[in-house]
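Numbering (the working numbering), first residue to last: 6 to 312.
C-beta: ideal position from N, C-alpha, C; glycine also.
Computed from a predicted structure; not experimentally measured.
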Ligand code: XIL
């Protein structure tokens, strides 16, 4: 099993975090530094410096690399977002971007998140720059170009709140099936798993979704797990206990699924989680602010060991 953590910035330079990453994880996700605004800040100008340093850290610690993300609506630079490009122009920009970024890391990436969050809750294509300007075929184009630029990388479609069975996961299943029917190289589905204590899919639904994707020959990966506790009125020990169970069930379901070999959390320690900034103070990860393991950590270890 590959067990990973996403690194959003420079926190890996902190010796305590570096030690935690090296000792507890064998995969690293580049959380922000491969996004457009970071890696492609001006038209035709690429800045790989931040991502390269992180990639070197992962390699030095023998961690598999999960690269994130080629096509998404968020964290786009203004030149792109406000550029009013026509369809042919945007296709050309996207093609060059994918060829350049994927090409730069060719042979070093285990998994690429090719397209992120393209499906809305109701199963329709979610509104974004790419859909508006290019049309839904941007998805197939992106997978095709990514495969050409690095034939060995595992190529994923990645999304949230579509881990179990619902309209959105049904649409993602149909999207993958449609891509396969067109011979577009897609290898798997990333299940982000940003959940909260009452929010996760049932283990039965999660297993069923993994199973139907396996029937298409697709991998599944837990790509961004964290478990918010802030909406619960329970006391701290009970919150921590329930959080541990949410992590345990997700890991156990992955371990039991033949096509699930990757389990990544979106961060390392609670204090550094993106949730604090985006949703309010929380403790969504398996390590506390002092880098110490929480009940969730021990639950994950038990689930990894299996029955
Ligand atoms: C988040 C980062 O962690 C934050 O630092 C940034 O401000 C916003 O994006 N789904 C994704 C990730 O696919 O790229 C997001 O990362 C979290 C939700």
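If you measure from the beta carbon of residue i to each beta carbon in chain B, is any gap under 8 Å?
i, result
"residue 246", "Within the model displayed, chain B is absent; a lone protein chain is all it includes."
Just to confirm my understanding: we take residue i, look at its own chain, exclude 5 residues before and 5 after, and list those with CB closer than 8 Å. What are they?
i, result
"residue 300", "245, 246, 248, 249"
"residue 177", "124, 162, 164, 167, 194"
"residue 47", "82, 84"
Alpha carbon to alpha carbon, how far is residue j from residue i? Give it in angstroms, no decimals.
i, j, result
"residue 219", "residue 182", "12 Å"
"residue 164", "residue 53", "25 Å"
"residue 61", "residue 11", "15 Å"
"residue 298", "residue 304", "10 Å"
"residue 179", "residue 144", "13 Å"
"residue 256", "residue 57", "30 Å"
"residue 264", "residue 216", "8 Å"
"residue 4", "residue 134", "Residue 4 lies beyond the range of the chain shown here (6 to 312); nothing can be said about it."
"residue 41", "residue 70", "18 Å"
"residue 221", "residue 169", "16 Å"
"residue 9", "residue 290", "12 Å"
"residue 109", "residue 64", "15 Å"
"residue 27", "residue 20", "10 Å"
"residue 142", "residue 239", "46 Å"
"residue 93", "residue 101", "12 Å"
"residue 18", "residue 59", "9 Å"
"residue 185", "residue 13", "32 Å"
Which residue from the options puts its Cα closest to that of residue i?
i, options, result
"residue 36", "229, 257, 260, 233", "229"
"residue 302", "274, 280, 287", "274"
"residue 280", "221, 120, 199, 101", "199"
"residue 152", "210, 283, 27, 107", "107"
"residue 166", "75, 145, 195, 185", "195"
"residue 214", "238, 174, 179", "174"
"residue 202", "184, 231, 187", "231"
"residue 295", "22, 29, 204, 155", "22"
"residue 80", "233, 122, 191", "122"
"residue 137", "78, 114, 110, 190", "78"
"residue 197", "206, 191, 186", "206"
"residue 190", "210, 101, 67, 149", "149"
"residue 7", "115, 155, 82, 142", "115"
"residue 49", "20, 91, 98, 29", "98"
"residue 313", "278, 66, 308, 45", "The structure shown does not extend to residue 313, since the chain spans only 6 to 312, so no value can be given for it."
"residue 95", "157, 43, 306, 139", "139"
"residue 15", "306, 272, 311", "272"
"residue 210", "172, 142, 185, 51", "172"
"residue 307", "260, 282, 100, 132", "260"
"residue 343", "113, 186, 132", "Any question about residue 343 goes unanswered here, given that the chain covers just 6 to 312."
"residue 44", "29, 91, 186, 105", "105"
"residue 309", "283, 278, 277, 266", "266"
Among residues of its own chain, excluding the 5 on either side of residue i, which ones have a beta-carbon nearer than 6 Å to its beta-carbon?
i, result
"residue 208", "254, 258"
"residue 235", "285, 287"
"residue 120", "76, 144, 147, 162"
"residue 68", "31, 32, 33"
"residue 293", "275, 299"
"residue 55", "38"
Which same chain residues, not among the five before or five after residue i, have their C-beta less than 7 Å away from its C-beta?
i, result
"residue 193", "159, 161, 223, 224, 225, 226"
"residue 73", "34, 35, 36, 39, 118"
"residue 251", "200, 202, 205, 232"
"residue 103", "75, 147, 150, 151, 154"
Considering only DSSP beta bridges, list what residue i is partnered with.
i, result
"residue 196", "164, 227"
"residue 9", "32, 269"
"residue 233", "201"
"residue 298", "292"
"residue 130", "124"
"residue 50", "47"
"residue 72", "117"
"residue 274", "292"
With a threshold of 7 Å (Cβ to nearest heavy atom), would residue i be considered close to ligand 2?
i, result
"residue 193", "With respect to small molecules bound, the structure shown includes ligand 1 and not ligand 2."
Inter-stretch contact (C-beta, 8 Å, three-pair minimum) for the stretch 84 to 95 and the stretch 122 to 133: Between the stretch 84 to 95 and the stretch 122 to 133 there are fewer than three inter-stretch CB-CB distances shorter than 8 Å, so the stretches are not counted as touching.
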